[in-house]
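A.B. asks: Quick one: the structure is below, questions incoming.
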Amino acid sequence: MGAAGAIHFDAHCTACHGVGGSGDGPLGRTLRPAPPDLTDSGAVADSSPARYFDAISVGVMGSSMKRFDHVLDEDERWDTAFHLWSLAATESDFAAGASAYDESCSGCHGADGRSVIAAPLDRPERALDSRRDLAKKVEVAHVGLVLAMTENSRSALIEHLYTFLYSPTTAGSVRESDE
21 MGAAGAIHFD AHCTACHGVG GSGDGPLGRT LRPAPPDLTD SGAVADSSPA RYFDAISVGV
81 MGSSMKRFDH VLDEDERWDT AFHLWSLAAT ESDFAAGASA YDESCSGCHG ADGRSVIAAP
141 LDRPERALDS RRDLAKKVEV AHVGLVLAMT ENSRSALIEH LYTFLYSPTT AGSVRESDE
């Protein structure tokens with residue numbers, strides 16, 4: 021999963037959600053409630069890729085978000101859901117997360133996240149976890165590791181852990197670093 025989601029987002033979502041996903045599309049500015057800012061990591065911390073998939077599939081009651089299950093097939097909806105998911109991270113988040121993973125996690129989970137020594141990280145049910153859920157799970161399973169990391173490194177690691185489920189789009193669709 022990766023670049024295809026950006027293509028579907030551009031074709032079907034930008035009018036409301038805006039080119040970058042911040043809810044500022046030409047139609048989005050007129051909607052009440054306004055589309056959420058998908059680039060605000062704090063605002064989407066409790067959302068999961070599966071929640072995005074459901075919203076794309078059946079719409080969102082009480083909003084202008086319509087269903088797309090008749091427009092996009094299941095794989096296209098998952099691609100789009102993970103693209104939406106990636107909008108709250110920067111390229112530098114993904115790079116820092118990969119570095120933190122390589123340094124602290126790959127020894128047990130393997131470079132590809134599919135080690136038989138530790139829990140595999142590519143299980144599809146992980147798409148049910150929000151960023152906050154996954155952070156809690158990592159903290160419980162690896163308390164010493166988490167305490168040794170800075171908050172930015174922990175957040176970046178969480179972003180990277182989802183890349184075992186999808187390939188983030190980094191060529192122009194994921195925001196540039198805010199730094």
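If you count by the working numbering, then the sequence shown holds residues 21 to 199, one letter each, in order.
Every residue, glycine too, gets a C-beta built ideally from N, C-alpha and C.
Given a cut-off of 8 Å, decide if Asp142 and Arg134 are closer than it, judged by their beta-carbon atoms.
C.D. replies: Locating residue 134 in the sequence shown gives position 114, counting from the first residue. Locating residue 142 in the sequence shown gives position 122, counting from the first residue. Yes; because the gap between Cβ atoms is below 8 Å, this pair is in contact.
A.B. asks: How would you call Asp113, buried or exposed, if buried means at least 16 neighbouring beta carbons within 10 angstroms?
C.D. replies: Locating residue 113 in the sequence shown gives position 93, where the first residue counts as 1. Label assigned to Asp113: buried.
A.B. asks: Which term fits Ala109, buried or exposed, when burial requires 16 or more other beta carbons within 10 angstroms of its beta carbon?
C.D. replies: What you label residue 109 is simply residue 89 of the sequence shown in a count that begins at 1. Buried, because 16 or more other Cβ atoms sit within 10 Å of the Cβ of Ala109.
A.B. asks: How far does the alpha helix (DSSP H) with Lys156 in it extend, from its first residue to its last?
C.D. replies: Locating residue 156 in the sequence shown gives position 136, where the first residue counts as 1. Element bounds for Lys156: 151-161.
A.B. asks: Report the rounded CA-to-CA distance for Pro69 versus Leu58, giving the unit in angstroms.
C.D. replies: Numbered from its first residue, the sequence shown carries residue 69 at position 49. Numbered from its first residue, the sequence shown carries residue 58 at position 38. Rounded to the nearest angstrom, the two C-alpha atoms are 12 Å apart.
A.B. asks: Assign Met85 to one of two classes, buried (16 or more other C-beta atoms within 10 Å of its C-beta) or exposed (fewer than that).
C.D. replies: Position 65 of the sequence shown, counted from the first residue, corresponds to residue 85. Classification of Met85: buried, given that the 10 Å Cβ count is 16 or more.
A.B. asks: Pull up the distance between the alpha-carbon of Gly48 and that of His37, whole angstroms please.
C.D. replies: What you label residue 48 is simply residue 28 of the sequence shown in a count that begins at 1. What you label residue 37 is simply residue 17 of the sequence shown in a count that begins at 1. Cα-Cα distance, rounded: 6 Å.
A.B. asks: Per DSSP, what kind of secondary structure is His90 in: helix, strand or coil?
C.D. replies: Looking up residue 90 in the sequence shown gives position 70. Residue state, collapsed to three classes: coil.
A.B. asks: Report the residue from Ala176, Leu148, Pro144 whose alpha carbon sits nearest the alpha carbon of Leu185.
C.D. replies: If you number the sequence shown from 1, residue 185 lands on position 165. Comparing Cα-Cα distances from Leu185 to each of Ala176, Leu148, Pro144, the minimum goes to Pro144.
A.B. asks: Which of the three DSSP states is assigned to Phe184 in this structure?
C.D. replies: In the sequence shown, the residue the question calls residue 184 occupies position 164. In this structure, Phe184 counts as coil in the three-state DSSP scheme.
A.B. asks: State whether the segment 158-170 contacts the segment 93-110, with contact taken as three or more CB pairs (one from each stretch) at a distance under 8 Å.
C.D. replies: The segment 158-170, when compared against the segment 93-110, does not touch it at the 8 Å Cβ threshold.
A.B. asks: Between Gly40, Thr34, Ala138, which lies nearest to Pro46 when the distance is taken from Cα to Cα?
C.D. replies: In the sequence shown, counting from the first residue as 1, residue 46 sits at position 26. The candidate whose alpha carbon is nearest that of Pro46 is Thr34.
A.B. asks: Any idea what DSSP makes of Ile137, helix, strand or coil?
C.D. replies: Within the sequence shown, numbered from 1, the residue matching residue 137 stands at position 117. Coil at Ile137, not helix or strand.
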